[in-house]
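As structure tokens, the structure follows; a few thoughts come after it.
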Amino acid sequence: MRNLLCPQCHIQRFRVKNENGNSVVVTVNEKLVVEAIHPEESLEGYDLNVLYCLGCSWVGSPKSLGSHKH
7 MRNLLCPQCH IQRFRVKNEN GNSVVVTVNE KLVVEAIHPE ESLEGYDLNV
57 LYCLGCSWVG SPKSLGSHKH
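Going by our numbering, the first residue of the sequence shown is number 7, and it counts up by one from there.
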């Protein structure tokens, strides 16, 4: 399954944060499922509704990526 891309810089990796400010690197697939790039990392406690692009200043939701499929 393909990963969705940042609408600004077109890379496929993002960060999600928890309330302590910790972050995990994730991708978002075509079904808008947020997945850690390292399967052993848990996303429990992380806000999966706000993505921070690793390549630029874009911040948005997984749903907003769905309208920018490449």
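Think of the CB as a built atom: it goes at the ideal place given N, C-alpha and C, for glycine as much as any other residue.
Since we're looking at a predicted model, the values are computed, not measured.
Among the options, nearest to residue i - alpha-carbon criterion
| i | options | result |
| --- | --- | --- |
| Gly27 | Tyr58, Glu46, Ser67, His16 | Tyr58 |
| Ser67 | Arg19, Leu54, Val30 | Leu54 |
| Lys23 | Ala42, Gly61, Cys12 | Ala42 |
| Met7 | Trp64, Glu36, Arg19 | Glu36 |
| Arg19 | Lys69, Cys62, Glu47 | Cys62 |
| Glu47 | Pro13, Ser70, Ser29, Gln14 | Ser29 |
N-terminal and C-terminal residue of the alpha helix (DSSP H) that residue i is part of
| i | result |
| --- | --- |
| Leu71 | 68-72 |
For residue i, the first and last residue of its enclosing beta strand (DSSP E)
| i | result |
| --- | --- |
| Arg21 | 20-23 |
Rounded distance between the beta-carbons of residue j and residue i, thought under 8 Å
| i | j | result |
| --- | --- | --- |
| Arg21 | Leu60 | 6 Å |
| Val40 | Val34 | 5 Å |
| Gly72 | Leu10 | 7 Å |
Entirely enclosed beta strand (DSSP E) segments - the stretch 29-67, minimum 3 residues: 29-34, 40-42, 57-59
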